[in-house]
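Here the sequence shown stands for residues 368 to 1080, where the numbers follow UniProt numbering.
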Amino acid sequence: LVTRTEEIEEIRSKLPAVAAEQRIMEIIHHFDVCVVTGETGSGKTTQVPQFLFEAGYCNNKQMIGITQPRRVAAVSMAQRIGEELNGFAKVGYQIRFDRKVDNSTQIKLMTDGVLIREMSTDLLLTKYSCLIIDEAHERSVNTDILIGLLSRIVIYRRQQNNPLKLIIMSATLRVTDFVDNSKLFRITPQVINIDSRQFTVTNHFSRRTNPDYVDEAITKVKRIHNRLPDGGILVFLTGKEEIERVVEALSEPNTRRTTPAVQFSSKNSCLEDEFMDANVDEEVVNDLDDFKSDEQEDDIEEGVDMTQERSSKKLKVLPLYSLLSTEDQMRVFEKCPKNTRLCVVATNVAETSLTIPNIKYVVDCGRSKQKVFENGVQRFSIKYTSKASADQRSGRAGRTGPGHCYRLYSSAVFERDFPQFMDPEILRMPVEGLVLQMKAMGIDKIDNFPFPTEIPNSSLKDAIRTLQCLLALDSEGKITELGNQMSLFPLAPRHAKMLLIGNQNKCLNLIIGLVSAMSVPNLFNYPSSTSDPDNVKEDEDKKESKLPVIQAQADVLQSLAAIAAYSWTPTSDICVSLSLRYKAMRETEELRKQLCRLVAQILAPDGVSTLQKQLSEPLNIPTPTQISTLMQVVAAAYIDQVAIRQHLVHPSEETQKLSVRQVSRTPYETCSGQVVYIHPSTIMKQAPDLIVYESLLVSSTDKVRMRPLTVVS
Ligand code: ADP
Ligand code: MG
């Protein structure tokens, strides 16, 4: 029997999920699969695992597992559930490279990727008596696959008399893809709605949609802080750069209450003229027609109880985005000192996964950064988010009392341009890694697999072609021995292939280092090929890189230089001095160690520890022979991604005139005849004839850019 602290009991008694405990548990006892929906903050994540624990689901040495799409949620929720259970249950978590679990763990939080990996050693997941798939509305690829796999596992476990309870949790009511999908669940799952007591949130639309929503967000926060009663502020933006800009602007001392309120009155502002020239697009123009119809103009005091004392004195501003270290992300849960107002500036991480306490005001830019693939080309674009996500965002203001949401877009734009829902990720991503993993699990007929939403035919074909090109699948689509070996590594198929080819060469330790560095995104603090090419100026920005150039024709080796430096001095200081991201470097080094262990287990089962030790020593800068081997290994794993200088295929006067020094202006052609350019962050000083690229990226000016790896020598 669990006894909780008074404080926790007090909080729990107000949670809608707790009120629904009996209803939820009855359904779970009687049915193997159910779907629980309820507003963000209603207590799904923190409470349902506790109900299961108290109902005895850990009694047979089995665990309750909960998956999260985000690492920070897995860690913070494990901590919170442990606290609430007051030491009565062993709560642990496991995320990539960090785990607090042991044999005695009873409730385990993990990312969905971790659970998928566990299936390769225990397909029926017999360690678990219940599995909760949380945040299913986000429709990440991993969540979708898990639900597909679990739909079958539940049946096998029932046949074996060791039933598994599957609980799918969603913050939105849109669950038809799971529920009305007889290919997925032959018996329609039970749906339980938690009625939540959401307080009213008043939405204040802007009169027109200002394209510079970052500045507008700053202004809005200052106004709220200077004029409105206590209560936390949560700002939604699209990414790190925007967030840092806002945090910096708001952390200046002049955000104190004593400064005059910002001079900003939208009633007679003349934003129009300024924005017309630079950035007009139809929506802005149409938006102006709509001028008068928006009643809830952003008059900030409107509807707010002004009798309460106005703002507290200080503003504590915290950023929240996934590139931050987990510890830094968790700071949003720290208690805020008296006389201080909390302002969290976040990406959509705060939309549903984390409930930040005491938010009364939401400022929503209405956009999100979306990664889209079309014909093998990746595009990062900032787009309007969906109506469903805008509503989630404003809902964050109504958890502890009535709140206000300031939408930095007009109601006309909202109605007309916001899609109802986001597409599931599986419709937007290349799937070769997924296909390889499924084939390795023995799932051969991928088109028959019960996905909540099916993989588009073209992306399945692309994946199979890539895997065949890597010799991971044979011409009939069956997995090969090489493919099976590749699937043992927690890596993208191309990276796994590099490791396995590297094994035949004399520089395995360097290849492991290189692959680790290539597998972790955003190692560098300065603009690299992951940045929007339009923001990178050739020459100028490259000076910021302080790493030695290993080979001027192989950009990819810069990431090896980074991990080599870090492997000798794994400190945050070295990262600062070399402009590397500490969190990413730590992860790269962890991955490198993990790969050394895996490789040693495969290559030298009898002498694992010796080989592992040898491989994981700090890395030296490669010799010229090693460099050329590394370049060949990279080229072999990207054999289908080679581009040739256009003038070699179609000599023309214009292209002839370009000097080889104008690297990022030199046109290339890919195997499929697409015209592409090298990313301006390249270290190459001359445009090579043949180049191997990692991926294609469309800039906001519509030029297709290659992320260069190496030349073909
Ligand atoms: P849901 O999963 O339905 O969105 P949660 O279970 O995450 O809801 O949250 C329930 C309540 O617990 C919320 O009021 C939230 O503020 C609180 N809470 C969650 N995590 C923490 C934490 N780490 N510290 C303090 N309060 C928390
Ligand atoms: Mg939750």
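All C-beta atoms, glycine included, are put in the ideal place defined by N, C-alpha and C.
Between Glu956 and Ser934, the gap from beta carbon to beta carbon is short of 8 Å. By the neighbour-count definition (other C-beta atoms within 10 Å, threshold 16), Arg774 is a buried residue.
Around Gln979, the same chain offers Cys963, Arg964 and Ala967 as residues with beta carbons nearer than 6 Å, after the five sequence neighbours per side are excluded.
For Ser1062, the enclosing beta strand (DSSP E) covers residues Leu1057 to Val1065. Cβ-Cβ separation between Val613 and Val581: approximately 6 Å, consistent with a contact (criterion under 8 Å). For Ala441, the enclosing alpha helix (DSSP H) has its first and last residue at Arg438 to Glu451. Excluding residues up to 5 positions away in sequence, Arg541, Ser753 and Ala755 lie with their Cβ nearer than 7 Å to the Cβ of Phe788 in the same chain. Judged by DSSP in its simplified three-state form, Leu997 adopts helix. Secondary structure of Met885 (DSSP, three-state): helix.
Around the beta carbon of Arg390, a 10 Å sphere encloses fewer than 16 other beta carbons of the protein chains shown; the residue is thus reported as exposed. Taking a C-beta distance under 8 Å as the contact criterion, Asn987 and Ala931 qualify as a contact pair.
In terms of Cα proximity to Thr992, the closest of Val684, Asn872 and Val369 is Asn872.
For Phe572, DSSP records a beta bridge to Arg774.
With contacts defined by Cβ atoms closer than 8 Å, Ile500 and Met536 form a contacting pair. In the DSSP assignment, Gln461 falls within the unbroken beta strand (DSSP E) covering Val458 to Ile462.
Shown here, Arg466 sits in a strand according to DSSP, grouped into three states.
Rounded to whole angstroms, Arg948 and Ala929 show a C-alpha spacing of 10 Å. In this structure Lys1052 is exposed. Its beta-carbon is surrounded by fewer than 16 other beta-carbon atoms within 10 angstroms.
Distances between the C-beta of Gln414 and the heavy atoms of the ligand ADP include at least one below 7 Å. In the three-state DSSP reduction, Ile810 falls in the coil class, being neither helix nor strand. Relative to the ligand ADP, the beta carbon of Leu709 is positioned no closer than 7 Å to any heavy atom. Within 7 Å of the C-beta of Lys589 there is not a single heavy atom belonging to the ligand ADP. Here the alpha carbons of Gly515 and Leu551 stand approximately 7 Å from one another. It is roughly 6 Å from the alpha-carbon of Gln804 to the alpha-carbon of Ser854.
In terms of Cβ geometry, Thr586 and His771 do not form a close pair [threshold 8 Å]. For Glu611 against Pro704, the beta-carbon gap comes to about 23 Å, at or over 8 Å, which does not count as contact.
DSSP places Ser926 in the helix class (H, G or I) of the three-state scheme.
Between Glu376 and the set Ser946, Leu840, Gly410 and Val442, the nearest pair of CA atoms involves Gly410. Considering only Val1009, Arg1032, Met1073 and Met998, the residue with the shortest C-alpha distance to Cys1038 is Val1009. If you check the CB distance, Ala1004 and Met865 come in under 8 Å.
About 19 Å separates the CB atoms of Leu498 and Leu452; that is not less than 8 Å, and the two are not in contact.
Residue pairing for Cys401: DSSP places it in a beta bridge opposite Ile534 and Gln557. Listed as beta-bridge partners of Tyr751 by DSSP are Arg734.
Checking the 7 Å criterion, the Cβ of Ser756 is out of range of every heavy atom belonging to the ligand ADP.
In chain order, Leu838, Ala839, Leu840 and Asp841 place their CB closer than 8 Å to the CB of Thr847, counting only its own chain and leaving out the 5 sequence neighbours on each side.
In the DSSP assignment, the residues bridged to Cys497 are Ile431 and Lys532.
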